[in-house]
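Chemist:
Numbering (the working numbering), first residue to last: 725 to 979.
#1: Hey, would you say residue 760 sits closer than 8 Å to residue 780, going by beta carbons?
#2: Starting from residue 829, follow the beta strand (DSSP E) in both directions and report where the run begins and ends.
#3: Would you check if the region 857-874 and the region 758-778 touch, i.e. whether three or more CB-CB distances between them fall below 8 Å?
#4: Mind reading off the beta-carbon distance from residue 849 to residue 791? Whole number of angstroms is fine, and I expect it under 8 Å.
#5: Tell me the rounded alpha-carbon separation between residue 745 and residue 804.
#6: Quick one: is residue 733 buried, meaning 16 or more other Cβ sit within 10 Å of its Cβ, or exposed?
#7: Going by the beta-carbon positions, is the gap between residue 843 and residue 855 smaller than 8 Å?
#8: Would you report the Cα separation of residue 861 and residue 754, rounded to the nearest angstrom?
#9: With 16 as the cutoff for other CB atoms within 10 Å, does residue 788 come out buried or exposed?
#10: Are the Cβ atoms of residue 814 and residue 847 separated by less than 8 Å?
#11: Going by DSSP in three states, residue 750 sits in which element: helix, strand or coil?
#12: Which first and last residues belong to the alpha helix (DSSP H) in which residue 864 is found?
#13: For the beta strand (DSSP E) containing residue 838, list its first residue and its last residue.
#14: Where does residue 767 sit, in a helix, a strand or coil, going by DSSP?
#15: Is it the case that the Cβ atoms of residue 756 and residue 851 are separated by a distance below 8 Å?
#16: Rank 812, 784, 807, 840 by C-alpha distance to the C-alpha of residue 797 and give the top, closest one.
#17: Please report the residue range of the alpha helix (DSSP H) in which residue 774 lies.
#18: Buried or exposed, going by whether 16 or more other CB atoms sit within 10 Å of the CB of residue 765?
#19: Who are the near neighbours of residue 836 in its chain, counting only those whose CB is closer than 7 Å to its CB and skipping five residues on each side?
#20: Taking C-alpha atoms, which residue in 853, 831, 833, 821 lies nearest to residue 839?
#21: Alpha carbon to alpha carbon, how far is residue 869 from residue 807? Give it in angstroms, no decimals.
#22: Take residue 831 as the anchor and find which of 863, 810, 811 has the nearest alpha-carbon.
#23: Can you give me the start and stop residues for the alpha helix (DSSP H) that residue 802 sits inside?
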C-alpha cells in the first residue's frame, strides 16, 4: 500500500517538487477509530478539530503501528478538516431528507443516493457543493465522521449518526389516564384558579407601581426575585388545592 506519492509541481522556476499525500480507506478507518476512542476518553476539546496533544500523538502512533504509515500532525489535521467539509456539506441535506426517501446515504458505496431528481436538482441549485457527492466524491467513513463532528456527541448528549437516525422508529407512547377535569366539580376548580389569577395580578401591579419610584437596580432585582418566589409558592398551593378537589370529586362519583 502506497499512502502517498510525489509529483512534480511547477513553482516559478525553482524546480521544487510538491508532495501529494493520498489517504486510503484503510487509513481513514484507523484514524476515525482512533479519534472516536479519544472522544470516549474525554480528550475532545471545544471546536470540531480541537483535541488534546495526546490525541494527536495517539493518531500518529495508530497509523504507524497498524499500517506502517508515517504522518505528522499537520497531515492529520488537514484530513480532519476535509472530513469537516464533508460533514458541513452533507449533514444538512441528509437530516432534512431523513423523514422521507428523496435523498439518502448509501453506506456501501459511500455516496449520495437520489430517489427524486427534482428534489436533488433543487438542493444542488441551492448548494452547488453537493453535486460531486453523487458520483465523484466517495466518503467511505461517513458514519465515523458523523460521530466525530456531531455536536451532540461532542457535548456528551448522545447524538446519533445518520445510520442510527434512519434505523430508529418514532413510537408515540400514549397512556390513558383519563381527564381528571371531567370528573371534578368545575365551580370549585374555577374558583381556585380565579383566586390565584387575582392574587397574581394584584402582586404584579404592586411591583410595577413601586418601580415608578426609580429604585436602584439591586432593589429591582430583589423585588423581582421575591415576586417570583411568592408567585411560585402560591402556584404550588393552588395546584395542590386543585388536585385535592379533583381527587375528592373523582372519588365521590365512583363510591
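Glycine included, every Cβ here is placed at the ideal spot set by N, Cα and C.
Modeler: On the basis of the supplied data:
#1: Position 36 of the chain shown, counting from 1, holds the residue named residue 760. Position 56 of the chain shown, counting from 1, holds the residue named residue 780. No, these two residues do not count as a Cβ contact at 8 Å.
#2: To locate residue 829, count along the chain shown from 1; it is residue 105. From DSSP, the beta strand (DSSP E) with residue 829 extends over 827-830.
#3: yes
#4: Position 125 of the chain shown, counting from 1, holds the residue named residue 849. Position 67 of the chain shown, counting from 1, holds the residue named residue 791. About 41 Å; that fails the 8 Å criterion.
#5: For the purposes of this step, residue 745 is identified with residue 21 of the chain shown, where counting begins at 1. For the purposes of this step, residue 804 is identified with residue 80 of the chain shown, where counting begins at 1. Each residue's alpha carbon lies about 14 Å from the other.
#6: In the chain shown, the residue the question calls residue 733 occupies position 9. Unreliable positioning characterises residue 733 in this predicted model, as indicated by a pLDDT of 43, which lies under 50. The coordinate reading is nonetheless provided below. With fewer than 16 other Cβ atoms within 10 Å, it is exposed.
#7: The count along the chain shown starts at 1 and reaches residue 843 at position 119. The count along the chain shown starts at 1 and reaches residue 855 at position 131. No, Cβ-Cβ distance for residue 843 and residue 855 is not below 8 Å.
#8: Reading the chain shown from its first residue, position 137 is the one you call residue 861. Reading the chain shown from its first residue, position 30 is the one you call residue 754. One C-alpha to the other measures close to 20 Å.
#9: Position 64 of the chain shown, counted from the start, is the residue given in the question as residue 788. It is exposed - the Cβ of residue 788 has fewer than 16 other Cβ atoms within 10 Å.
#10: Against the chain shown, residue 814 aligns to sequence position 90. Against the chain shown, residue 847 aligns to sequence position 123. Taking 8 Å as the Cβ cut-off, residue 814 and residue 847 do not qualify as a contacting pair.
#11: Working through the chain shown from its first residue, we reach residue 750 at position 26. It is helical.
#12: Sequence index remark: in the chain shown, residue 864 carries index 140 (1-based). Element bounds for residue 864: n/a, residue is neither H nor E.
#13: By 1-based counting over the chain shown, the position of residue 838 is 114. 835-838 is the span of the beta strand (DSSP E), which, as asked, contains residue 838.
#14: Looking up residue 767 in the chain shown gives position 43. Looking at residue 767 - three-state DSSP - the assignment turns out to be coil, as it is neither helix nor strand.
#15: Start at 1 with the first residue of the chain shown, and residue 756 comes out as number 32. Start at 1 with the first residue of the chain shown, and residue 851 comes out as number 127. No; because the gap between Cβ atoms is not below 8 Å, this pair is not in contact.
#16: Here residue 797 refers to the residue found at position 73 of the chain shown. The candidate whose alpha carbon is nearest that of residue 797 is 784.
#17: Reading the chain shown from its first residue, position 50 is the one you call residue 774. That residue, residue 774, is in no alpha helix (DSSP H); it is neither H nor E in DSSP.
#18: For the purposes of this step, residue 765 is taken as the residue at position 41 of the chain shown. With fewer than 16 other Cβ atoms within 10 Å, it is exposed.
#19: Within the chain shown, the letter at position 112 stands for residue 836. Counting only Cβ-Cβ distances below 7 Å, and skipping sequence neighbours, we find 827, 829, 857, 858.
#20: For the purposes of this step, residue 839 is taken as the residue at position 115 of the chain shown. Looking at the Cα atoms, 821 is the closest of the given residues.
#21: The count along the chain shown starts at 1 and reaches residue 807 at position 83. The count along the chain shown starts at 1 and reaches residue 869 at position 145. Those two C-alpha atoms are separated by around 6 Å.
#22: Working through the chain shown from its first residue, we reach residue 831 at position 107. Nearest C-alpha to residue 831: 863.
#23: The residue you call residue 802 lines up with position 78 of the chain shown. Residues 797-820.
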